[in-house]
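Okay, so here's the structure we're looking at.
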Amino acid sequence: AILVSITGLLYQYFGVILKIREDMGKDKESISKDIGEIKSKISSLETKTELFWRCIEGKVVDMLKTYPTNIDKDVLLDKFKENSLTIEEAERLRTALNCEIQNSQDKQLAYILALARLEQIIYDLRNKIDKANNRA
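When the count follows the working numbering, it moves up by one through the sequence shown with no breaks and lands on 216 for the last residue.
Shown next as structure tokens:
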């Protein structure tokens, strides 16, 4: 009787463990599927954001140029348009635009859009630097 009782107890214990493992396997599949959908949505959002910036970036840069008043800023704006700013240049341009935004009521939207894009560029450049430092 004790042997039957112990066998029944072991069967119940391992049955519960097997059920938990089975449920975990199903959850893992569901999570993997959800992660795939999230990655797809993020990729789509990134593509749409890049298309948006490509459409307006050139116009915004042209609105903010002040040649021959501030040639340094204009050179940085050209690099901004070409997507070739270093992090130091992006921060310098951000500082210049932040100083000018207060004095230009007619170009507020252009400044706001350029500053928003610069923040993203700076964030991306910092991430790139951090990843390179972590690999080293």
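The beta-carbon is built from N, C-alpha and C at its ideal position, and this holds for glycine as well.
Query, Result
"CB contact flag (VAL140, ALA190, <8 Å)", "yes"
"Selection from PHE94, SER164, GLU126, ASN178 that minimises the alpha carbon distance to LEU144", "ASN178"
"LEU157 classed as buried or exposed, judged by whether at least 16 other C-beta atoms fall within 10 angstroms", "buried"
"Residue environment, LEU90, which counts as buried when at least 16 other CB atoms sit within 10 Å", "exposed"
"Burial state of ARG197, where buried means 16 or more other Cβ atoms lie within 10 Å", "buried"
"Sufficient close CB pairs (3 or more, under 8 Å) joining the region 116 to 134 to the region 92 to 102", "no"
"SER164 - DSSP class collapsed to helix/strand/coil", "coil"
"LEU131 burial status per 10 Å Cβ neighbour count (16 or more: buried)", "exposed"
"LEU205 vs ILE167 beta-carbon contact at 8 Å", "yes"
"Of the listed residues ARG215, ILE97, ASN207, SER184, nearest to THR146 (C-alpha basis)", "SER184"
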